[in-house]
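Participant: Numbered continuously in UniProt numbering, the sequence shown closes out at residue 105. For each residue, glycine too, the CB sits at the ideal point set by N, CA and C. None of these values were measured; they are calculated from a predicted model.
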Amino acid sequence: MGRGKVELKRIENVTSRQVTFSKRRNGLLKKAFELSLLCDVEVSLIIFSPSGRLYQYASDEFVLPFIFCLSFHFSGINLSFSSFPAPEEAVSAYARNGLYIHPRV
Numbered sequence: 001m002g003r004g005k006v007e008l009k010r011i012e013n014v015t016s017r018q019v020t021f022s023k024r025r026n027g028l029l030k031k032a033f034e035l036s037l038l039c040d041v042e043v044s045l046i047i048f049s050p051s052g053r054l055y056q057y058a059s060d061e062f063v064l065p066f067i068f069c070l071s072f073h074f075s076g077i078n079l080s081f082s083s084f085p086a087p088e089e090a091v092s093a094y095a096r097n098g099l100y101i102h103p104r105v
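#1: Is it buried or exposed for residue 38, if we count other Cβ within 10 angstroms and need 16 for buried?
#2: Determine, using beta carbons only, whether residue 60 and residue 34 come nearer to each other than 8 Å.
#3: Is residue 8 buried or exposed, if buried means 16 or more other CB atoms sit within 10 Å of its CB?
#4: Of all the options 51, 56, 4, which has the alpha carbon lying nearest to the alpha carbon of residue 108?
#5: Where do the ends of the beta strand (DSSP E) carrying residue 54 lie?
#6: What three-state label does DSSP hand residue 8 in the structure shown?
#7: What is the DSSP secondary structure of residue 81, reduced to helix, strand or coil?
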């Protein structure tokens with residue numbers, strides 16, 4: 001006997017919603033890592049939390065510039081590939097803005 005079907009709707013309790021977000025975020029990051037490992041594909045994942053924090057995963061360092069530009073764009077920071085900073089500068093810019101780069105699982 002399996003589990004019943006879960007009705008998908010917004011969780012009204014703020015604490016429960018945050019706990020669910022954290023658990024599902026970690027599960028999604030793990031699935032992205034597994035997909036890249038098992039299928040030998042490049043995977044990138046960008047997640048913005050309800051509070052505006054950025055979590056991301058990239059299976060290959062070659063997709064990082066694209067992820068940085070895309071995440072900066074959605075964060076309201078204008079950035080193009082031609083003006084893309086060095087990786088060290090980009091990471092420090094993330095730290096200054098309170099954004100986090102999720103390490104590989």
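Facilitator: To lay it out plainly:
#1: The C-beta of residue 38 has fewer than 16 other C-beta atoms within 10 Å across all chains shown, which makes the residue exposed.
#2: No; because the gap between Cβ atoms is not below 8 Å, this pair is not in contact.
#3: Here residue 8 is exposed: its Cβ has fewer than 16 other Cβ atoms, across all protein chains shown, within 10 Å.
#4: Beyond the ends of the chain as shown, which are 1 and 105, falls residue 108; an answer cannot be given.
#5: Judged by DSSP secondary structure, residue 54 falls within the beta strand (DSSP E) whose first and last residues are 54 to 58.
#6: Coil at residue 8, not helix or strand.
#7: Residue confidence for residue 81 is low, a pLDDT of 47 falling below 50, so the modelled location carries little weight; the figure read from the coordinates is stated next. Here residue 81 sits in helix by DSSP.
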